[in-house]
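Chains as they are written, first to last, in the numbering used here: chain A, 2 to 740; chain B, 239 to 337.
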Amino acid sequence: MFSHLRMIPLLPLLGAAYLILFGRRHSRSVIHTIATVAVFASCVISLDAFFFGLPSLVRQGGITDLVYPWFSGGGVSVDLAFRMDPLSGLLCLVVTFIGTLIHIYSAGYMAHDKDYARFFAYLNLFCGAMLMLVLGDSLPVVFIGWEGVGLASYLLIGFWYQEVANASAGKKAFITNRIGDFGFLIGMFLLFRATGSLSIPEILDAAKTGTALSAPLWLGQPVAFWAGLFLFVGAAGKSAQIPLYVWLPDAMAGPTPVSALIHAATMVTAGVYLVARMSSVYLLAPAALAIVAIVGALTAVFAAAIGFAQNDFKKVLAYSTVSQLGFMFVGVGTANFAAGIFHLFTHAFFKAGLFLCAGSVMHAMGGSGDITKMGGLANRLPWTTRVFQICWLAIAGVPIFSGFFSKDAILGGAFATEAYGHSLAWVGPLVGGLLLLAAFGTAFYMSRLYFLVFSGPCRADAHTQEHIHESPVSMVFPLVVLAVGAALAGLAGVPPAIRELWGQHGESTLAVWLEPSVGAPLQVAHSAEWRAMGVSTLVALLGIGLAYVFFGGGYREPAHAFVRKLPRFVVLVRDKFRIDELYAKILLRPFRIACDIIFQVVDRILIDKILIGSWTFVADMAGRALRFAQAGDVQRYLAAFAIGAAALVWVAARPASPDEVRVVVGGRTVKVDLVDSDVGKDTLRYAFDFDGDGTADREGTAPSAVWTYGAPDRYTVSITIEDPRWHTRRVLKRTLDIR
Amino acid sequence: MPGHLYILVSLALFFIGTTGVLMRRNALFVLMSVELQLAAGSLALLAFSRGLGDQHGHVVAFFVMALAAAEAAIGLAIVVSVFRLRKKIDLSSIDELRN
Chain A
2 MFSHLRMIPL
12 LPLLGAAYLI
22 LFGRRHSRSV
32 IHTIATVAVF
42 ASCVISLDAF
52 FFGLPSLVRQ
62 GGITDLVYPW
72 FSGGGVSVDL
82 AFRMDPLSGL
92 LCLVVTFIGT
102 LIHIYSAGYM
112 AHDKDYARFF
122 AYLNLFCGAM
132 LMLVLGDSLP
142 VVFIGWEGVG
152 LASYLLIGFW
162 YQEVANASAG
172 KKAFITNRIG
182 DFGFLIGMFL
192 LFRATGSLSI
202 PEILDAAKTG
212 TALSAPLWLG
222 QPVAFWAGLF
232 LFVGAAGKSA
242 QIPLYVWLPD
252 AMAGPTPVSA
262 LIHAATMVTA
272 GVYLVARMSS
282 VYLLAPAALA
292 IVAIVGALTA
302 VFAAAIGFAQ
312 NDFKKVLAYS
322 TVSQLGFMFV
332 GVGTANFAAG
342 IFHLFTHAFF
352 KAGLFLCAGS
362 VMHAMGGSGD
372 ITKMGGLANR
382 LPWTTRVFQI
392 CWLAIAGVPI
402 FSGFFSKDAI
412 LGGAFATEAY
422 GHSLAWVGPL
432 VGGLLLLAAF
442 GTAFYMSRLY
452 FLVFSGPCRA
462 DAHTQEHIHE
472 SPVSMVFPLV
482 VLAVGAALAG
492 LAGVPPAIRE
502 LWGQHGESTL
512 AVWLEPSVGA
522 PLQVAHSAEW
532 RAMGVSTLVA
542 LLGIGLAYVF
552 FGGGYREPAH
562 AFVRKLPRFV
572 VLVRDKFRID
582 ELYAKILLRP
592 FRIACDIIFQ
602 VVDRILIDKI
612 LIGSWTFVAD
622 MAGRALRFAQ
632 AGDVQRYLAA
642 FAIGAAALVW
652 VAARPASPDE
662 VRVVVGGRTV
672 KVDLVDSDVG
682 KDTLRYAFDF
692 DGDGTADREG
702 TAPSAVWTYG
712 APDRYTVSIT
722 IEDPRWHTRR
732 VLKRTLDIR
Chain B
239 MPGHLYILVS
249 LALFFIGTTG
259 VLMRRNALFV
269 LMSVELQLAA
279 GSLALLAFSR
289 GLGDQHGHVV
299 AFFVMALAAA
309 EAAIGLAIVV
319 SVFRLRKKID
329 LSSIDELRN
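In structure tokens form, the structure reads like this:
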């Protein structure tokens, strides 16, 4: 079965196509069965390929499946081919497994939505595109998936498009992603120009063996740097990093399962995947890696800070996602690719879990996500609360839970990395320090969220309180599965320092597994590992403790005191540091003005007035003329008939005229020849007057005549053509110099 | 009277008739103008016939008179039925030939 990798993306895409075309005919149960089975089948095929097909083929580069040669010519040849190696296999499992759970959850969450079929069609479309992105063997195939997930994301953010805010959030996501996509394309072209190939394995081989990618390109930096940088622009767009992160919080306008699947667990991690995928290219360019790491670290801190003061359940989680993606980028940006992917893996579980908890809570609270109006839900939503607690502890980095291991792998690696060489050695400790700050922030805002929602008395109004209820089984089941994952996923990447305790040696299971794809794992001294774990545990507990002091059991006095002391700062954070407003001012306004000018000049004047206007004028005039002719007025028809008849008479009776008058002079002899194609010419009479005395010298039906002059002089020859039927005549004159 | 003057009179009559056919809105006047055109044609036939010394033209002129009578009968019948149907015989309001 595993040779049919193509089935993995194809099944959800087929499901999407079917549901778009025929979904309306079916009942809800049929719709969600089709969609869920399509993704679940992909999941089964992926599992089969991953566990039974892949291990024996790892050394040959993984499982490949060539569907057909897509295009070739001019030195380019691109196949529509899929490849599963340890990295893409892992991602494939995450996407199909979490995708299946989200489909199940959605069946409960969207049960009352009228556009049921459309929702599941889009979800399937997303899964198919994401799997194409992950499994694509060449950059163009990856790019199709890349654009496909962008499209699905746009469609699902604006799913409830009747509200303008949702529709414009979708547009914002799409347009911001376009900026990133542009970077992706440039990066792809640079790699193609340097290596002559678009196939990912060939590019990676070129990076490992050849010198094509280390040749300097611009500003003394190698091709690998620029390609890496531009690919990272694409990654930053898709994965919501500074400065392109602004779309992700707005993307929460979509239904919550969408937020969980696309905007937390899978699509937004595509950027991290891309960097890890192109690891060999990045290793050639430490400066590009440093930029990735620094941007990631800054994003992690910045987004965590914004998360402190958000009052919407999903907004907090959205900024948390941005922040956690920053962690992953620090992982891959410190050449610690396995750790970045490890965090992607664990994050998929706990963040999807958190989002589904958000959905469950909002479901219970009548659709509102305002955490200032929540509290005390622990008793009312027992299952949701348990799951949320596990995911919360996981993301905060409390030992044993999955986030602890993956975050430590990144933190430890940041301090230990040697990927930058001598001149950039300061980057590692810098990003490590920033991450510690971000980890503290993570623990704080997640604990704030937990305390405000689940502990203390309920702050909702009486009517809402009455309706608080635990969600149906179809929603609780995925929650529980994700909670198990959030708790245990970390076991895949237990660091060597801990493994040593029970006598196992070597790198973590996950790092070893990923080695063929992303290279040997980063070596971290065991002492440094223990130190990182200790510090991060401390930081996590500190964050949770501080949050308890502020928000344990609801808003407490220190929280109020803080707001009183720094009111403007709190408002600034609540307003997300007004980055959106800044972008609106420095980017959107000039852009709008430029667009307006172009619109007025190009659209209004050039296209509308000149290009279109001239043709509409022609068409309008032609229409008027035809309308005049088609008026049904018999007199008008008669007039046309009279004009036509007169024209016919004129044509028949018009004075004859030859096409050409040929005059040949040879000495004193002149030959005149009238060449005429007119059919009736043989009925004409011709008269030639050569000497200009007014009488014809030659006459008859022959259209030619010869004459010899007696003395040299200037003569005027006049030729008279007469039509005896109509008594019309025409006179032609030619002047001749006879020597 | 020289032959070409008859032709000129005929031409003038024909143009007056044509103008009437094309410009008048009242169907009765149009029919009368048609008669004028036919008369112009007859006159031209007679003039040529006499000028060329050929009697065929005279014969055709009789045919034209018969034709004109028939045309007037049918034309008037049509005008009467149109009037019964529409209570007016203004040609500009009759545009059923459209489409």
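Cβ coordinates follow ideal geometry from the N, Cα and C atoms, glycine included.
Query	Result
Measuring straight from C-alpha to C-alpha, what distance separates A:G1 and A:A444?	A question about residue 1 of chain A goes unanswered here, because the residues of chain A that appear run from 2 up to 740.
With a Cβ-Cβ cutoff of 9 angstroms, do A:S456 and A:G376 count as a contact?	yes
Buried or exposed: where does A:F121 fall if 16 or more other Cβ atoms within 10 Å of its Cβ makes it buried?	buried
Applying a beta-carbon distance threshold of less than 8 angstroms, which residues of chain A neighbour B:S248?	By Cβ distance, chain A contributes nothing, its closest Cβ being about 15 angstroms from B:S248, past 8 angstroms.
Any Cβ of chain B within less than 9 angstroms of the Cβ of A:G633?	yes
From A:P13 to A:F51, what distance separates their C-alpha atoms?	18 angstroms
Below 8 angstroms on the Cβ atoms is my guess for A:I32 versus A:A118; work out the distance and round it to an integer in Å.	5 angstroms
Answer with buried or exposed for A:Q311, where buried requires no fewer than 16 other C-beta atoms within 10 angstroms of its C-beta.	buried
Mind checking who A:Q325 pairs with in its DSSP beta bridge?	Bridge partners of A:Q325: none, in fact.
In chain B, which residues lie with their C-beta within 9 angstroms of the C-beta of A:A643?	T256, V259, L260
Quick check on B:L276 - is its C-beta less than 9 angstroms from some C-beta in chain A?	no
Give the DSSP-derived three-state secondary structure of A:D621 in the structure shown.	helix
Hey, would you say A:S324 sits closer than 9 angstroms to A:V293, going by beta carbons?	no
Taking the alpha carbon of A:T538 as the reference point, which residue from A:L285, A:A512, A:F441 has its own alpha carbon closest?	A:F441
Tell me the residue span of the alpha helix (DSSP H) that contains B:R324.	294-324
May I have the straight-line CA-CA distance separating A:G221 from A:A426, to the nearest angstrom?	20 angstroms
Can you list, in chain order, the residues of its chain whose CB lies under 6 angstroms from that of A:Y710, leaving out five sequence neighbours each side?	R669, I739
When you compare the CB positions of B:I327 and B:A265, do they come within less than 9 angstroms of one another, or not?	yes
Would you say B:E309 reaches chain A, if we count a Cβ-Cβ gap shorter than 9 angstroms as a contact?	no
A:R605 by DSSP, collapsed to three states: which one?	helix
When you compare each of A:L382, A:V482, A:S719, A:M447 to A:E467 by their alpha carbons, which one comes out closest?	A:L382
Skipping 5 residues on each side, what residues in its chain have a beta carbon closer than 6 angstroms to that of A:C44?	T97, F98, T101
Taking only the alpha-carbon atoms, compute the straight-line gap between A:A595 and A:I176 and give it to the nearest angstrom.	17 angstroms
Candidates A:A339, A:T373, A:D86, A:Y446: which alpha carbon is nearest A:G413's?	A:A339
Could you please give the first and the last residue of the uninterrupted beta strand (DSSP E) stretch that includes A:V68?	64-74
For a contact defined as C-beta to C-beta under 8 angstroms, what are the partners of A:Q163 on chain B?	Correct list: empty, because the minimum Cβ distance to chain B is about 44 angstroms.
How big is the Cα-Cα spacing for A:I401 and A:G491?	8 angstroms
What separation, rounded to the nearest whole angstrom, lies between the Cα atoms of A:L394 and A:K352?	11 angstroms
Can A:V273 and A:V234 be called in contact, C-beta distance under 9 angstroms?	no
Does chain B have any CB closer than 9 angstroms to the CB of A:L639?	yes
Check whether chain A comes within 9 angstroms of B:D292, counting only Cβ atoms and requiring the distance to be less than that.	no
Leaving out the 5 sequence neighbours to the left and right, which residues in its chain are closer than 6 angstroms to A:Y106 when beta-carbon positions are compared?	P258, L357, M476, P479
Would you call the CB atoms of A:T510 and A:V525 closer than 9 angstroms?	no
Given a limit of 9 angstroms on CB to CB distance, which residues of the segment 317-336 of chain B reach chain A?	L329, S330, I332, D333, E334, L335, R336
Report the three-state DSSP secondary structure of A:A712 (helix, strand or coil).	coil
Report back the beta-carbon spacing between B:L329 and A:Q636 to the nearest angstrom; my notes put them in contact at under 8 angstroms.	6 angstroms
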